Amino acid sequence: MMKKESSGERIRSRRKALQLTQQALAKGIGVSHVAVSQWEKEETVPRGENLLRLAEWLQCTAAWIIDGDGEVFTAATRAAPVATVPLISLAQASAWLSEQRLLLQQQATRFLYSDSPLSEAALAITVEDQAMLPDYRAGDVLIFDPQLQPQPGDVVLALHAGVALVRIYRLQNQHNDEQHFSLRPLNDDFPQLHSAQTGLEIIGTLMELRRYRTH
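Following the numbering used here, the numbering of the sequence shown begins with 22 at its first residue and continues without gaps.
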């Protein structure tokens with residue numbers, strides 16, 4: 022009877038099968054490479070959000086990492102391209118359409134893994150206000166792609182007066198070959214914005230919503 026792999030052995034073998042270094046895996050999860058080394062040596066155990074992110078990066082379930090439940094994964098399962106999306110602040114997102122984007126990508130310290138079809142310009146932000154309640158709460162993490170043209174009703178990340186904000190996109194009309202649109206909040210306590218009246222730029226269209234448990 023074969024000896025069952027330990028959780029540390031599963032992490033290490035899965036990481037190597039995906040050709041990830043400890044440093045790359047650590048950077049993606051948002052921990053130190055020492056933490057990954059300790060998990061593989063079973064000096065500590067990944068828990069909570071770190072465990073969920075580890076499972077995302079290793080493309081397996083948290084249960085498989087902890088006790089080996091479920092299918093044994095192989096490198097061949099990595100059929101879909103893996104996108105690494107920087108998680109940045111709304112203040113940083115306000116400069117995403119400028120020449121600073123590459124610098125912001127390089128300086129990012131937190132990342133999300135996604136198997137959605139995303140461009141290299143994709144970014145993730147954390148909702149900070151109540152303008153999109155009840156559907157989008159403060160603390161929710163949203164992934165946007167600047168390469169996807171928004172359709173009416175889509176949620177977008179937009180730039181208004183130098184501030185990045187999350188709103189619903191609505192096409193208004195076309196005037197002199199220029200399309201005017203409005204940005205609508207879900208919370209009526211916040212105003213609608215109209216591109217014909219104030220400068221608005223679309224940073225990206227919503228691709229994913231992630232909500233993490235806080236308790």
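A virtual CB, placed ideally from N, CA and C, is assigned to each residue, including glycine. Remember, predicted model here, so these are calculated numbers, not experimental data.
Proximity of residue i and residue j at Cβ, strictly below 8 Å
i, j, result
"G51", "T105", "no"
"V187", "M153", "yes"
"E222", "A179", "yes"
"V57", "L46", "yes"
"V162", "L108", "yes"
"L133", "I164", "yes"
"I87", "W60", "no"
Residue environment, residue i, which counts as buried when at least 16 other CB atoms sit within 10 Å
i, result
"P155", "exposed"
"Y233", "exposed"
"R74", "buried"
"Q113", "buried"
"L123", "exposed"
"V177", "buried"
"A100", "Because A100 carries a pLDDT of 44, less than 50, the predicted location of this residue cannot be relied on, and no value is offered for it."
"S27", "exposed"
"E141", "exposed"
"A143", "buried"
"S137", "exposed"
"R36", "buried"
Residues of its chain near residue i, where Cβ-Cβ distance is below 6 Å and the 5 sequence neighbours each way are ignored
i, result
"L139", "A104 and D166"
"D175", "Y190 and T226"
Cut-off 7 Å between Cβ atoms - residues of its own chain near residue i, not counting five sequence neighbours on either side
i, result
"K25", "G89"
"N71", "I50 and V52"
"Q200", "L192"
"A97", "Residue confidence is low: A97 scores 43 on pLDDT, short of 50, so the model does not pin down where it sits. No coordinate-derived value is stated."
Close beta carbons around residue i, own chain, < 8 Å, minus the five adjacent residues each side
i, result
"P173", "Y190, R191 and L192"
"S110", "I146 and T147"
"L118", "P167, L180, E222 and I224"
"L207", "A152, M153, L154, P155, D156, Y157 and I189"
DSSP beta-bridge partners of residue i
i, result
"S27", "The partner list for S27 (beta bridge, DSSP) is empty, contrary to what the question assumes."
"G225", "L178"
"M232", "Note that residue 232 corresponds to Arg in the displayed sequence, not to Met. Answer is none; R232 lacks a bridge partner."
"L214", "L204"
- What are the uninterrupted segments assigned as alpha helix (DSSP H) that are 4 or more residues long and contained completely in the stretch 32–76, given in chain order? Listed in chain order, the complete alpha helix (DSSP H) runs (minimum 4 residues) inside the stretch 32–76 are 43–50 and 54–61.
- Item | Completely contained alpha helix (DSSP H) runs for the stretch 94–147, where each covers 4 or more residues | For the stretch 94–147, whole alpha helix (DSSP H) runs of length 4 or above, ordered along the chain, are 111–114 and 122–128.
- For the stretch 138–194, which segments carrying the beta strand (DSSP E) assignment without a break, of at least 3 residues, lie completely within its bounds, in sequence order? Entirely contained in the stretch 138–194, the beta strand (DSSP E) runs reaching 3 residues are, in chain order, 144–147, 162–166 and 176–181.
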